[in-house]
Structures are given as structure tokens and as C-alpha cells.
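S.K.: Residue numbers (the UniProt record's numbering): 1 to 398. The structure that follows is given in the form of C-alpha cells.
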Amino acid sequence: CKFNKRHLEYFGYVFSEEGMRPSESKVRALKEMSPPENANAARSFLGFTNYLKRFIPDYSTLTHPIRQLLKKNAHFKWTDECEKSFKTIIDMLSDEKNLAYFDEEKETMVYCDASPVGHSAILLQRTPGKDDLHVINYSSRALKDVECRYSQIERECLGMVYAAEKNHIYLFGRNFTLFNDHKALINILNNKKRNIPLRIERMLLRLQDYDLEAKHVSSDDNISDYTSRHPVDQPNTTNSYIETYVNMVTNFATPKAFKIEDIATGTENEIELQILKEMIQANDWYKLDEPQKHEHLRKVNIDLLKQFRKVKDELTVNLKHGVILKGNRIVLPTKFYEDAVRICHVGHQGIEKTKQLLRTKVFFFGMDKMVENCIKNCIACQCTGLQTTCSDQTRRSS
Numbered sequence: 001c002k003f004n005k006r007h008l009e010y011f012g013y014v015f016s017e018e019g020m021r022p023s024e025s026k027v028r029a030l031k032e033m034s035p036p037e038n039a040n041a042a043r044s045f046l047g048f049t050n051y052l053k054r055f056i057p058d059y060s061t062l063t064h065p066i067r068q069l070l071k072k073n074a075h076f077k078w079t080d081e082c083e084k085s086f087k088t089i090i091d092m093l094s095d096e097k098n099l100a101y102f103d104e105e106k107e108t109m110v111y112c113d114a115s116p117v118g119h120s121a122i123l124l125q126r127t128p129g130k131d132d133l134h135v136i137n138y139s140s141r142a143l144k145d146v147e148c149r150y151s152q153i154e155r156e157c158l159g160m161v162y163a164a165e166k167n168h169i170y171l172f173g174r175n176f177t178l179f180n181d182h183k184a185l186i187n188i189l190n191n192k193k194r195n196i197p198l199r200i201e202r203m204l205l206r207l208q209d210y211d212l213e214a215k216h217v218s219s220d221d222n223i224s225d226y227t228s229r230h231p232v233d234q235p236n237t238t239n240s241y242i243e244t245y246v247n248m249v250t251n252f253a254t255p256k257a258f259k260i261e262d263i264a265t266g267t268e269n270e271i272e273l274q275i276l277k278e279m280i281q282a283n284d285w286y287k288l289d290e291p292q293k294h295e296h297l298r299k300v301n302i303d304l305l306k307q308f309r310k311v312k313d314e315l316t317v318n319l320k321h322g323v324i325l326k327g328n329r330i331v332l333p334t335k336f337y338e339d340a341v342r343i344c345h346v347g348h349q350g351i352e353k354t355k356q357l358l359r360t361k362v363f364f365f366g367m368d369k370m371v372e373n374c375i376k377n378c379i380a381c382q383c384t385g386l387q388t389t390c391s392d393q394t395r396r397s398s
């Protein structure tokens, strides 16, 4: 044992009253390291620096050129960009900057962001009433292939979950502020009664254990924006159960009279629904404002797509089956409209009952009008209506 020491070196880190930093031995070893000459050496370098990445805010950005050399069938060529990344990492680890210790008495905040390729989160603290921000932890991860196909709002929501769960040991059981630059998502978090897509609903359930206040921050002021666009290559969380949940709801929402494969085929064959799927995933609804500039939008029903844009926050793409969900209902292709209405009216219920049955399973625009026309033209319903009217007149005359 050692007493009266101003700092302590343990497991590659130096702990002092100011915070923590990488040990001198690790930094010295890094300074003496020559640039990698092959893929194995590059992999070794990344493994070594990955242990110290908490001291490098944009670690995933800096290592991106080197990580590209490790891809399958990639030709190993150490470029000037790789050399620049290599030297920058060494210089940053040689800096005296420290990460601060977590203080339960200080105000806690998390900045998180999502890009098409990754998530990033920065945990900070400050003394109440002051502007003395201190970084506690940096974290980032690359998205899985399936997550890359999520819509932007879904990626942002998953990024919030990642930020909270990655810093669980600091955040659980205490109030903190979560900053994100996706305004629509912040509105969803602060409006509990709003209808939301199933995948987002499932993600938000994971945030219920945290006492957080969600606030919007512009992209320019979101300090996690840059690092989210260049995450580390290996994701450290799994979200397969989210897909399982969406698949379960899809199966539940599929009317027994239809096969999910038929709905998927109908969706695939309807150009508007294919474009809708792409817009949900890419979040590029702005293209609808100037369709003439986009060749694939010139010969489609723009008005229909604009209608869907009004409910875009409720739309989800089921990647397994290739169908679209609005909330917990399947968006039907046009060819199934009449069959769906006819099946729900097979018991000759009234207009409202038929609408109610339809709304439990499927969604399409113009549903109400189609139901009303169907029942008005239903011979059995007309006969029943005439019989009731005649009986009433007979009773009144008698």
C-alpha cells in the first residue's frame, strides 16, 4: 500500500484529484510505435488505441481511414490520410487534457446525435449557475446494416436509447437533461398522448426507467453531431428485439383473409408505396415540395404522398416483410381496398361498426367514404332498411 500520493496509476490509467488520463507507459509506447505496415499491425494499433478512446472525442472519425484498410478484400495501402490520423491520435493522447470525475451534486446533461452510419453521445456536468462544463465520457458506435435502413427519426430515437444505456451507471436514478437536434422527436417525448410508430414506441419504453428532460438543440450547437457521423466500427448494443416486436405487431395487424406475402407483393408493385418506403427510411420528404426536380416523382400521385407526409411520424417500414405500418395498422396497397371493406362488412354491420373493424387492422386514405358507399350499395342492407321503414310506417298508421 502507498499513502499520501497525489496520483495513482492503475490498469493503464492515472487517477488524480483533477481526474483521469492515460498512463505515461501507454503514451510512451504509443509515441514509439511506427506506422502499421500490414492489416494485422493496423488491427493491433486500433486495439491498443481503442482502450484509450475515451480521451479522444472524435476517435471514430480519426480512425475511419485506418478501419477501411481492415475491410474484407480491401487492399492495404497506407495513405497520407491514414498517416495524418495516426499522428493525430498520438498527439491527442499525449495531451494533458483529462476526463473529469462524475459529481452527484452537479448538473448532468447528455448530448446525443445520430447520422446515417452511427450514434454518438457526450456526457457532461457543470456546477449549477456556472458555465464550467466538464466532459465525463465520450462514446460512439457504428450502426448495424438493418439500423442504417431506419428512418432518421428512428435512428435519432435509437441514439437517445444508446446515450442513456451507455451511461447507465451515471444516469440511472438521477435527473438529467438529454439534448438532441431532432425537433419532431423531442415533441414526441414531451407529448405522451401522441400516436407514434411501433419501433419508436418500443425504443421509448427503454427510456422510461430514466428521469430525463428532453430538450432540442440546433445541429450547429450539438457537440455530438460530428462524432456520430464517424463512429467506431463495432456496435456494442443489440436491438434485434425491436425488430421482433415490430414483426409481431405486423403479424397481429394482418387480416386473416390476407397473406402477409400478398400485401408485401402489392406494396412492391405499387410505385407510390415503394417511394413512400424510401422516404420513411431516408427522411427526405422535402422532395415532395419540388417533385419536378426528381425524375422518380414526376409520374406518381404526389397528392397521396403528401397525405402520408402529414402522418410521417406514425409510419414504420417492416424490413422483414417489406410492408408499411401506420401505428399498429398495415398500410394496404390499393388492390386490397375493396376486399378489405367487403370482408369487414360480411356480417352487414352498420357504417360505424364496419369502420371500427377496419381501423383495428388496416389503414388507407379514403376508407370512410369507401365504407359508406359500400353499405349504401349493399342490397341486403337496403332491404333491411326498407323493411324497418315499412314496419315503422305500419305501426304508426295502426
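Glycine included, each C-beta is placed from N, C-alpha and C at the ideal position.
(1) Taking only the alpha-carbon atoms, compute the straight-line gap between residue 309 and residue 340 and give it to the nearest angstrom.
(2) Please classify residue 383 as buried or exposed, where buried requires at least 16 neighbouring CB atoms within 10 angstroms.
(3) Counting C-beta neighbours from all protein chains within 10 Å, is the total for residue 286 16 or more, i.e. buried, or is it exposed?
(4) Roughly how many angstroms lie between the CA atoms of residue 312 and residue 182, to the nearest whole one?
(5) For the alpha helix (DSSP H) holding residue 60, just list the boundary residues, first then last.
(6) Alpha carbon to alpha carbon, how far is residue 307 from residue 364? Give it in angstroms, no decimals.
(7) Just to confirm, is the Cβ distance from residue 89 to residue 62 under 7 Å?
(8) For residue 6 and residue 14, I'd like the C-alpha separation in whole angstroms.
(9) Three or more beta-carbon pairs under 8 Å between the region 134-144 and the region 171-186, yes or no?
(10) Can you tell me whether DSSP reads residue 168 as helix, strand or coil?
(11) Taking the alpha-carbon positions, what's the residue 290 to residue 37 distance?
(12) Within the region 136-181, note down every full alpha helix (DSSP H) run reaching 4 residues or more, in order along the chain.
(13) Roughly how many whole angstroms lie between the Cα atoms of residue 155 and residue 331?
(14) Out of 59, 50, 70, state which residue places its alpha-carbon closest to the alpha-carbon of residue 40.
(15) What whole-angstrom Cβ distance do residue 263 and residue 336 have, given they're in contact under 8 Å?
(16) Determine the closest residue to residue 297 out of 316, 271, 343, with distance taken between C-alpha atoms.
(17) Expressed to the nearest angstrom, what Euclidean distance is found between the alpha-carbon atoms of residue 2 and residue 101?
(18) Considering only C-alpha positions, which residue in the set 179, 191, 83 is nearest to residue 215?
(19) Locate the alpha helix (DSSP H) running through residue 272, then write down its first and last residues.
(20) Flag this pair as yes or no: are the beta carbons of residue 321 and residue 275 separated by less than 7 Å?
(21) Got a sec? Which residues, its chain only, sit under 6 Å from residue 56 by beta carbon, not counting five neighbours each side?
(22) Please report the straight-line C-alpha distance between residue 42 and residue 305, rounded to a whole angstrom.
(23) Assuming contact is defined by CB atoms lying nearer than 7 Å, are residue 157 and residue 203 in contact in what I supplied?
(24) Among the candidates 196, 301, 121, whose CA atom is the shortest distance from the CA of residue 177?
(25) Quick one: what's got a C-beta closer than 8 Å to residue 301's C-beta in the same chain, skipping five residues either side?
(26) For residue 379, does the count of other Cβ atoms within 10 angstroms reach 16, so buried, or fall short, so exposed?
(27) Can you check whether the CB of residue 325 is closer than 7 Å to the CB of residue 344?
(28) Identify whether residue 205 lies in helix, strand or coil by the three-state DSSP scheme.
(29) Taking the CB atoms as reference points, tell me whether residue 68 and residue 103 lie closer together than 7 Å.
(30) For the alpha helix (DSSP H) containing residue 374, name the first residue and the last one.
(31) To which residues of the same chain is residue 190 closer than 7 Å at the C-beta, ignoring the five residues directly before and after it?
(32) Using a threshold of 7 Å, state whether the C-beta atoms of residue 348 and residue 374 are closer than that.
(33) Measuring only the C-alpha atoms, how far is residue 376 from residue 146?
(34) Locate the beta strand (DSSP E) running through residue 292, then write down its first and last residues.
(35) Does DSSP put residue 332 in a helix, a strand or coil?
(36) Just to confirm the assignment, what range does the beta strand (DSSP E) spanning residue 318 have?
M.R.: This is what the structure gives:
(1) 24 Å
(2) exposed
(3) Residue 286 is exposed by the Cβ-count criterion.
(4) 14 Å
(5) 59-68 is the span of the alpha helix (DSSP H), which, as asked, contains residue 60.
(6) Cα-Cα distance, rounded: 10 Å.
(7) yes
(8) 10 Å
(9) no
(10) In the three-state reduction of the DSSP assignment, residue 168 falls in the helix class, which pools H, G and I.
(11) 50 Å
(12) The qualifying runs are 145-148, 152-166, 168-171.
(13) About 22 Å.
(14) 70
(15) 7 Å
(16) 271
(17) 22 Å
(18) 179
(19) 271-282
(20) no
(21) 92
(22) 48 Å
(23) yes
(24) 121
(25) 272
(26) Under this definition residue 379 is an exposed residue.
(27) no
(28) helix
(29) Residue 103 is positioned such that its CB atom lies no closer than 7 Å to that of residue 68.
(30) 367-376
(31) 214
(32) no
(33) 46 Å
(34) Premise fails: residue 292 is in no beta strand (DSSP E) and is neither H nor E.
(35) In the structure shown, residue 332 sits in coil (DSSP, three-state: anything other than H, G, I, E or B).
(36) First-last of the beta strand (DSSP E) with residue 318: 315-318.
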